[in-house]
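Residue 54 in my numbering is what sits at position 14 of the sequence shown, and the numbering runs on without skipping anything.
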Amino acid sequence: MKHLPSLFAWLTLLSALPLISMGAVVTTVDAGMAFPDWPTSDGYSMLAYPWLQSFGEPDKFLEHGHRLAGMLTGFFALLLCGSVFVTKQKTSVRMLATLVLLLVIAQGILGGMRVSQVSKFLAMVHGNFACWVFTVMAIAVAVMSSKWTTVERLPGGTRTRAAVISTSLLCLVLFLQSLLGGMLRHLGAAHAWRDHPYFAFVVLGMAAITWVLVRRLHHPWLSSWVNLVLILVNLQFLIGLGTWLLRYGWPDAGLVAIQQTSALSALRSLHT
Numbered sequence: 041m042k043h044l045p046s047l048f049a050w051l052t053l054l055s056a057l058p059l060i061s062m063g064a065v066v067t068t069v070d071a072g073m074a075f076p077d078w079p080t081s082d083g084y085s086m087l088a089y090p091w092l093q094s095f096g097e098p099d100k101f102l103e104h105g106h107r108l109a110g111m112l113t114g115f116f117a118l119l120l121c122g123s124v125f126v127t128k129q130k131t132s133v134r135m136l137a138t139l140v141l142l143l144v145i146a147q148g149i150l151g152g153m154r155v156s157q158v159s160k161f162l163a164m165v166h167g168n169f170a171c172w173v174f175t176v177m178a179i180a181v182a183v184m185s186s187k188w189t190t191v192e193r194l195p196g197g198t199r200t201r202a203a204v205i206s207t208s209l210l211c212l213v214l215f216l217q218s219l220l221g222g223m224l225r226h227l228g229a230a231h232a233w234r235d236h237p238y239f240a241f242v243v244l245g246m247a248a249i250t251w252v253l254v255r256r257l258h259h260p261w262l263s264s265w266v267n268l269v270l271i272l273v274n275l276q277f278l279i280g281l282g283t284w285l286l287r288y289g290w291p292d293a294g295l296v297a298i299q300q301t302s303a304l305s306a307l308r309s310l311h312t
C-alpha cells in the first residue's frame, strides 16, 4: 500500500506523454476545432463517440483521441490524489498530489474553453500550461519515490546557493522560451519569430552554467539529473534548429523552406 502513491505518480506522468504528444500533433495539423462542442464530441459523450470509426477523418480522430488521453490522465491523477490520503502520507505530499489533480482539471477546462471560445490565445495558454503541469507531475514522481527520503542532503554554503540560483534562473528562461514558442506557433507573433530562435542561445548558456555549478557539488544523484537536463536542452535546440530550417529555410545557404511535409509536421510536433 505504501508504494501506491509512487506507482500512481508514475502512471500519471507516463500517461501525460502521449496526451501531450497528441496535443502537439493536433496543433500541427490544425485539428483543434474538429468538433464545435465540448465536453461532447458531435453531441456524443466522451466514451460514446465512435472513435475508431472516425479513423477516416484524421482531424476528428486525433482530437477525440487527445480528449480520451486527457480523460485517462485525469483518472490516474484522481487515483494518485486518493492514494496519498489512504496511505496517510505527510501533509506536503498530500498537497502536492492535490495540486497535480487540480492542475489536470484546470488543463482540461482550458482545452474545453479553447473550443467553446474558438480562441487561438487560449490554445496557446493550453499548450504552454501543459508543459508546466507535466513539470509538477515530474516533481511528484521525485518526491514520492523511495530515494527522496534517503538521498544525501546538500550542505549549506556558497556553492549550494549558486547552484540553487542558477537552477531557478534556468527554470525562468525555459518558461520564457516556452512562452515565445507558443506565441510563434499559435499566434504567429512577429516579435516571437525574431526572439524565439535567439533566446534559445540564452537557454543553452544557462543550462551549461547550471550544469557546471551543480556538478561542482559532487552530488551523484543531482549530477546524473543535471547531465540529463543538459542533454535534453541540447537535443531540443537541435530539433528546433531543424524545424526552423525546414519551416523558414536559409536562403544564403541555399536552403529553401518547405510547407507541411511529413518531415516538417513530425519535427514541429516533436519540438513542441
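Even for Gly, the Cβ is constructed at its ideal location relative to N, Cα and C.
### Message
Between Met111 and Met86, how many whole angstroms is the CB-CB distance? I'm expecting something under 8 Å.
### Response
As a working mapping, residue 111 is identified with position 71 in the sequence shown. As a working mapping, residue 86 is identified with position 46 in the sequence shown. Yes, Met111 and Met86 are in contact; Cβ-Cβ is about 6 Å, under 8 Å.
### Task
Give, in chain order, every unbroken run of the alpha helix (DSSP H) that is at least 4 residues long and sits entirely within the segment 87-156.
98-126 and 131-156
### Task
Within the same chain, show all residues whose beta-carbon is closer than 7 Å to that of Leu314, passing over the 5 residues directly before and after it, in chain order.
In the structure displayed, the chain extends from 41 to 312; residue 314 sits before or after that span and is not available.
### Task
Grab the span of the alpha helix (DSSP H) containing Arg225 for me, first residue to last.
Reading the sequence shown from its first residue, position 185 is the one you call residue 225. Segment: none, Arg225 is in no alpha helix (DSSP H) and carries neither H nor E.
### Task
Quick one: grab the DSSP three-state call for Ser81.
Numbered from its first residue, the sequence shown carries residue 81 at position 41. Correct three-state label for Ser81: strand.
### Straight-line gap, Leu53 to Val181 (C-alpha atoms, nearest Å)
Looking up residue 53 in the sequence shown gives position 13. Looking up residue 181 in the sequence shown gives position 141. Whole-angstrom Cα-Cα distance: 8 Å.
#### Entry: CA-to-CA distance, Leu253 to Thr80, given in whole angstroms
The sequence position of residue 80 within the sequence shown is 40, counting from 1. The sequence position of residue 253 within the sequence shown is 213, counting from 1. Going by the C-alpha atoms only, they are around 50 Å apart.
### Query
Do you know whose CA, among His226, Val173, Gln276 and Leu219, lies nearest Leu139's CA?
Position 99 of the sequence shown holds residue 139. The residue with the shortest Cα to Cα distance from Leu139 is Val173.
### Query
Can you name the start and end residues of the alpha helix (DSSP H) that Phe75 belongs to?
Stepping through the sequence shown from its first residue, residue 75 is reached at position 35. Phe75 -> no alpha helix (DSSP H), and no H or E assigned at all.
### Query
Since Val243 contacts Val213 with CB under 8 Å, what's their CB separation in whole angstroms?
Here residue 243 refers to the residue found at position 203 when the sequence shown is read from its first residue. Here residue 213 refers to the residue found at position 173 when the sequence shown is read from its first residue. Val243 to Val213, Cβ: 5 Å. Contact.
### Query
Taking Cβ positions, are Gly222 and Met164 nearer each other than 8 Å?
Translated into the one-based positions of the sequence shown, residue 222 becomes position 182. Translated into the one-based positions of the sequence shown, residue 164 becomes position 124. In contact: Gly222 and Met164 (Cβ atoms closer than 8 Å).
### Euclidean distance between Cα positions of Trp233 and Ala240
For this step, residue 233 is matched to residue 193 along the sequence shown. For this step, residue 240 is matched to residue 200 along the sequence shown. About 12 Å.
### Query
According to the neighbour-count rule (16 or more other Cβ atoms, all chains shown, within 10 Å of its Cβ), is Gln147 buried or exposed?
Counting from 1 along the sequence shown, the entry for residue 147 is found at position 107. Classification of Gln147: buried, given that the 10 Å Cβ count is 16 or more.
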